[in-house]
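Chemist:
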Amino acid sequence: MSSEIILEMQGISKSFPGVQALADVALQAHKGEVHAIVGENGAGKSTLMKILAGAYKKDEGTIILNGEAVDFRSPLDAQNSGIAIIYQEFNLASHLSAEANIYIGREPSSKPFGFIKQREIHKKSVELFEQLNVNIDPKKEVRYLSVCQQQITEIAKALSLNSSVLIMDEPTSALPENEVKDLFDVIRRIKEEGVSILFISHNLEDVFEIADRITVLRDGKHVATDLTSNVSRDKIVSWMVGRDIGDVNHRSDRVIGDEVVLKVENLNRKDVLFDINFELYKGEIMGIAGLLGAGRTELLRCIFGADPKTSGEVYLSGERCLIKNTTDSVDYGIAYVPEDRKQEGLFLGLTSRENLTAASLKEYTRYGFVDKKQENIVTSDYVDSMAIKLASHEQFVLNLSGGNQQKVLIARWLATNPKVLLLDDPTRGIDIGARAAIHELIFALANQGIGVVFVSSELPEVIKVSDRILVMARGLIAGEFSHEEVTQEKIMAAATETMLCDMPLDGD
Amino acid sequence: MTPEEVKEVKEDIQIQSSTTGEAAAAEANPGGVWGIIKRLFSFREAGILFVLIAICVFLSIATPNFLTEKNIMNVARQFSVIAIIAVGMTYVIVTAGIDLSVGSIVAFSGCMTAMALVNGWSIPVSIAVGIVLGTLVGLLNGFLIVKVNLAPFIATLGTMGIARGLVLAFTKGYPIQPFPEEFEVIGRGFIGPLPIPVVIMLVIVICGHLLLSRTTLGRYIYYVGSNPTAARLSGLKVGRVLVFAYTAAGFLSGLASVVLISRLTSAQSNMGQGWELDAIAAVVIGGTSLSGGEGSVIGSLIGAALMGVIRNALILLGVNVYWQSVVIGVVIVLAVAIDAFRQKRRVV
Numbered sequence: 001m002s003s004e005i006i007l008e009m010q011g012i013s014k015s016f017p018g019v020q021a022l023a024d025v026a027l028q029a030h031k032g033e034v035h036a037i038v039g040e041n042g043a044g045k046s047t048l049m050k051i052l053a054g055a056y057k058k059d060e061g062t063i064i065l066n067g068e069a070v071d072f073r074s075p076l077d078a079q080n081s082g083i084a085i086i087y088q089e090f091n092l093a094s095h096l097s098a099e100a101n102i103y104i105g106r107e108p109s110s111k112p113f114g115f116i117k118q119r120e121i122h123k124k125s126v127e128l129f130e131q132l133n134v135n136i137d138p139k140k141e142v143r144y145l146s147v148c149q150q151q152i153t154e155i156a157k158a159l160s161l162n163s164s165v166l167i168m169d170e171p172t173s174a175l176p177e178n179e180v181k182d183l184f185d186v187i188r189r190i191k192e193e194g195v196s197i198l199f200i201s202h203n204l205e206d207v208f209e210i211a212d213r214i215t216v217l218r219d220g221k222h223v224a225t226d227l228t229s230n231v232s233r234d235k236i237v238s239w240m241v242g243r244d245i246g247d248v249n250h251r252s253d254r255v256i257g258d259e260v261v262l263k264v265e266n267l268n269r270k271d272v273l274f275d276i277n278f279e280l281y282k283g284e285i286m287g288i289a290g291l292l293g294a295g296r297t298e299l300l301r302c303i304f305g306a307d308p309k310t311s312g313e314v315y316l317s318g319e320r321c322l323i324k325n326t327t328d329s330v331d332y333g334i335a336y337v338p339e340d341r342k343q344e345g346l347f348l349g350l351t352s353r354e355n356l357t358a359a360s361l362k363e364y365t366r367y368g369f370v371d372k373k374q375e376n377i378v379t380s381d382y383v384d385s386m387a388i389k390l391a392s393h394e395q396f397v398l399n400l401s402g403g404n405q406q407k408v409l410i411a412r413w414l415a416t417n418p419k420v421l422l423l424d425d426p427t428r429g430i431d432i433g434a435r436a437a438i439h440e441l442i443f444a445l446a447n448q449g450i451g452v453v454f455v456s457s458e459l460p461e462v463i464k465v466s467d468r469i470l471v472m473a474r475g476l477i478a479g480e481f482s483h484e485e486v487t488q489e490k491i492m493a494a495a496t497e498t499m500l501c502d503m504p505l506d507g508d
Numbered sequence: 509m510t511p512e513e514v515k516e517v518k519e520d521i522q523i524q525s526s527t528t529g530e531a532a533a534a535e536a537n538p539g540g541v542w543g544i545i546k547r548l549f550s551f552r553e554a555g556i557l558f559v560l561i562a563i564c565v566f567l568s569i570a571t572p573n574f575l576t577e578k579n580i581m582n583v584a585r586q587f588s589v590i591a592i593i594a595v596g597m598t599y600v601i602v603t604a605g606i607d608l609s610v611g612s613i614v615a616f617s618g619c620m621t622a623m624a625l626v627n628g629w630s631i632p633v634s635i636a637v638g639i640v641l642g643t644l645v646g647l648l649n650g651f652l653i654v655k656v657n658l659a660p661f662i663a664t665l666g667t668m669g670i671a672r673g674l675v676l677a678f679t680k681g682y683p684i685q686p687f688p689e690e691f692e693v694i695g696r697g698f699i700g701p702l703p704i705p706v707v708i709m710l711v712i713v714i715c716g717h718l719l720l721s722r723t724t725l726g727r728y729i730y731y732v733g734s735n736p737t738a739a740r741l742s743g744l745k746v747g748r749v750l751v752f753a754y755t756a757a758g759f760l761s762g763l764a765s766v767v768l769i770s771r772l773t774s775a776q777s778n779m780g781q782g783w784e785l786d787a788i789a790a791v792v793i794g795g796t797s798l799s800g801g802e803g804s805v806i807g808s809l810i811g812a813a814l815m816g817v818i819r820n821a822l823i824l825l826g827v828n829v830y831w832q833s834v835v836i837g838v839v840i841v842l843a844v845a846i847d848a849f850r851q852k853r854r855v856v
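Line by line, the protein sequences are chains C and A.
Residue 354 in this note's numbering sits at position 354 of the first sequence, with consecutive numbering throughout.
Residue 689 in this note's numbering sits at position 181 of the second sequence, with consecutive numbering throughout.
1. With 7 Å set as the bound, which would you pick, yes or no: does the beta-carbon of Val-370/C sit closer than that to a beta-carbon of chain A?
2. Would you report the Cα separation of Ser-46/C and Ile-200/C, rounded to the nearest angstrom?
3. For Leu-575/A, count neighbouring Cβ atoms within 10 angstroms of its own Cβ and tell me buried if that reaches 16, exposed if not.
4. Pull up the distance between the alpha-carbon of Thr-228/C and that of Ala-36/C, whole angstroms please.
5. What residues in the region 645–679 of chain A bring their beta carbon closer than 9 Å to a beta carbon of chain C?
6. Would a C-beta distance cut-off of 7 Å place Val-746/A and Val-732/A closer than the cut-off?
7. Go ahead and pull the three-state DSSP assignment for Lys-263/C.
8. Please report the straight-line C-alpha distance between Asp-59/C and Ala-23/C, rounded to a whole angstrom.
9. So Val-330/C contacts chain A; which residues on that side make the cut at Cβ distance below 7 Å?
10. What is the DSSP secondary structure of Ser-482/C, counted as helix, strand or coil?
11. Run the CB neighbour count on Leu-825/A, radius 10 Å, all protein chains shown included, and call it buried at 16 or more, exposed below.
12. Is any beta-carbon of chain A found at less than 7 Å from that of Thr-427/C?
13. Apart from the five residues on each side of it in sequence, which residues of its chain come closer than 7 Å, Cβ to Cβ, to Arg-320/C?
14. So, under 8 Å CB-CB, Glu-802/A and Gly-349/C are touching, yes? Tell me the CB distance rounded to an integer number of Å.
15. Less than 7 Å between C-beta atoms, sequence neighbours within five positions excluded: which residues of the same chain meet that for Tyr-599/A?
16. Going along chain A in order, which residues have a C-beta closer than 8 Å to the C-beta of Lys-14/C?
17. Using three-state DSSP, classify Phe-849/A as helix, strand or coil.
18. Is the region 796–816 of chain A touching the region 625–644 of chain A in the sense that three or more CB pairs, one from each, lie closer than 8 Å?
19. Under the rule that 16 or more other beta-carbon atoms within 10 Å means buried, what is Pro-705/A, buried or exposed?
20. Tell me the rounded alpha-carbon separation between Ile-670/A and Lys-124/C.
21. Please confirm whether Phe-72/C has its beta-carbon closer than 7 Å to some beta-carbon of chain A.
22. Within 10 Å of its beta-carbon, does Cys-619/A have 16 or more other beta-carbons around it, so buried, or fewer, so exposed?
23. If you draw a straight line from the C-alpha of Ser-588/A to the C-alpha of Pro-703/A, how long is it?
24. Is the shortest distance between the beta-carbon of Val-838/A and the beta-carbons of chain C less than 7 Å?
25. Using a C-beta to C-beta distance shorter than 8 Å, which residues of chain A count as neighbours of Leu-346/C?
26. So the candidates are Ala-622/A, Leu-665/A, Ile-606/A; which of them puts its Cα closest to the Cα of Leu-772/A?
27. Spell out a yes or no on whether the region 366–377 of chain C and the region 435–446 of chain C are touching, meaning 3 or more CB-CB pairs, one atom from each, closer than 8 Å.
28. Whose Cβ in chain C lies nearer than 7 Å to the Cβ of Arg-722/A?
29. Should Asn-649/A go down as buried or exposed, given a rule of 16 or more other Cβ atoms within 10 Å for buried?
30. Spell out whether any CB of chain C is found under 7 Å from the CB atom of Tyr-599/A.
31. By the DSSP assignment, the alpha helix (DSSP H) with His-717/A in it spans what residues?
32. When burial is assigned at 16 or more other CB atoms within 10 Å of the CB, is Ser-612/A buried or exposed?
33. Tell me whether the beta-carbon of Leu-476/C lies closer than 7 Å to the beta-carbon of Phe-274/C.
34. Taking the C-alpha atoms as reference points, what is the distance between Ser-13/C and Glu-179/C?
35. Look up Ser-457/C in the DSSP assignment and say whether it is helix, strand or coil.
36. Would you mind telling me which residues of chain C sit closer than 9 Å to Leu-725/A, beta carbon to beta carbon, in chain order?
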């Protein structure tokens, strides 16, 4: 990392109808440094980066790249000036090969008829992957690559564009723990090539691991920038939320009843789940950990009736549940908040109110007609109590930040007064403040006697929130730990089905 | 878990909350006459309504024959049949589906009603025959799409052919007539100043609009169209909603056919040919998106009216009848383009 400043953004302001997304924000990036940009949802991180990448037009301010003032009219403009961006959802054509994706839109072609020079593309892609020190077959179709490999393909694309600045939006949120390390190795390599990396992330552990410098935004304004070595995690968090968030420990007043609120018995789903058995006590929070593909989501979906089971029974407070479809589950009082809120949870073209009342609409129905007044009252109540930031009930959920979208989704299920709440990665892609709020919510719900099953890929979170943790591996329950005895190592060992020295594995 | 209990949590972390409560309720439900008008016409329909009014104003200046009671009622009587079909089509398109069979259902139902009439069956029974058959074809569409899992385009393309084929088989190509005089009242009679077909259309539009915009079932249609996966995961019975939409389209096509044959005083095997496209055009011009999850019945009515007025305009202005298709095509493209433009602005 050199001290040469390669990028300078000054006085950047941007507003959208109804909201000032950025106000007078400044940012400086040095050559070859990893610069993390952190902040709560709605702080303006994505907006700032999209302006830099040419996807949005700034209202005010200047951008100076390599000593020259620039004004991008389009993403292509920015790309040609040396700015590359990797979005959270990736911009890859999944049916094309990695090498085709790297050269997409600028395939070298031979003069007379424009035939694509396939061999040249392949050769250059091989060189790029070697430069990054990774073992990826450039001819493999992107949809068959792992998430981490897909990300590296995007990095290779940026490298081939001779980018001087690479923007990465939440690069680790979709990655399992073991692949994050591989990604960071690649990032360190391109650092050596002199590329500056701007890294938006909610994961402070990752930020402290890889970033040289951290900038904190809050409510569209610049709060602080400092070297990673000069700051502590707590300081960053307090900058992000503007107040001190102590690690509120609710462990002491956790009361778990004797009554079994959810019992899963011999649950099987052909080739996916094998002999799952567990009991959830009233007021208990059960975390489910495991690697990607271990079957956690599949387990929740099976209990909820979203997928059919081959055999097994589900009991709610001792009553056997005949669940043929999701409607039955909702009637019984089981709620499921899916993993992918955009694809499986939200009605993006509809309003916040309509999204919030989707599962409980019959509560506000009289003679078949919807009582909108009642709907609005219920919506207001949840908006207030869960601190959902809305301009109005009629605002489209599409325009809400990720954290607020997730809150609307959870509120949807709370409005059904469930007995059991199945949460699938509820804090994915959500900032510290909203995340803490959701954790608090989970504790509050459990204290009311709702059984909570909570799937998460983040071990610290699972350990913090759960009373008991089930670890899954390849469709089986590979381990069970109480809050007192659990450690990250034990979870990882069970999840990867390895033996830790003198530690027997439970379950199976 | 009541909201009060969740509120307790708020104190611990002192997050600023925006109290939208009553302000929002007030905003969403403004009172008085203006409130009713505002609610009836969301911004989307206001645009197309403005265009309709503008064209009417232009026409009343351009030719003295437009703004006569006789002409207006004729125009309304003409587009009323398509409007009735368009109501059903609206439901289908809001679920992100499509129904290509409505035109054939019109022919099928209409010819069956006609056959019942000429065979001496009573009028109410004959009408019931037509409507029930139309509903059954709609039900078949729903079954093929939900249980057999065919794509709506394919399923309704199939029933379109089957229904048309059955009509030809039954009628052998000959028109069916005459009908008892009392039956012709439906197509030719008046209630006050309004032709009966227009009255039927208005009743259907009002009921259809209320169902879609105010009832639970109507809301479910929007959910299913917006994101069927999320709808299912919210506990909604997606299959039933889809079957309802297609059955409604069938039912309304059957109803429209009764009005049609009464107006024409005969039933022919080529009735309704191409009307599925007219119905789709009315729905799309009215602001309903083909990708589902949004739209309204009122919009489809305005769309049907717009097409009817334009056709009338071309006739009154002496334009060659072949140009009708060209003009309607241009209107469809413009309507969708304007809507797409407006959508882009709304989101960013």
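For every residue, glycine included, the Cβ atom is placed at its ideal position computed from N, Cα and C.
None of the values given here were measured: they were computed from a predicted structure.
Modeler: This is what the structure holds:
1. yes
2. 8 Å
3. exposed
4. 9 Å
5. none
6. yes
7. strand
8. 10 Å
9. Gly-743
10. strand
11. exposed
12. no
13. Glu-313
14. 6 Å
15. Leu-720, Ile-729, Ala-753, Ala-756, Ala-757
16. Within chain A, no residue comes near Lys-14/C; the closest Cβ sits about 11 Å away, beyond 8 Å.
17. helix
18. no
19. buried
20. 57 Å
21. no
22. buried
23. 10 Å
24. no
25. Asn-735, Ala-738
26. Ala-622/A
27. no
28. Phe-369, Val-370
29. buried
30. no
31. 704–722
32. buried
33. yes
34. 36 Å
35. coil
36. Gly-368
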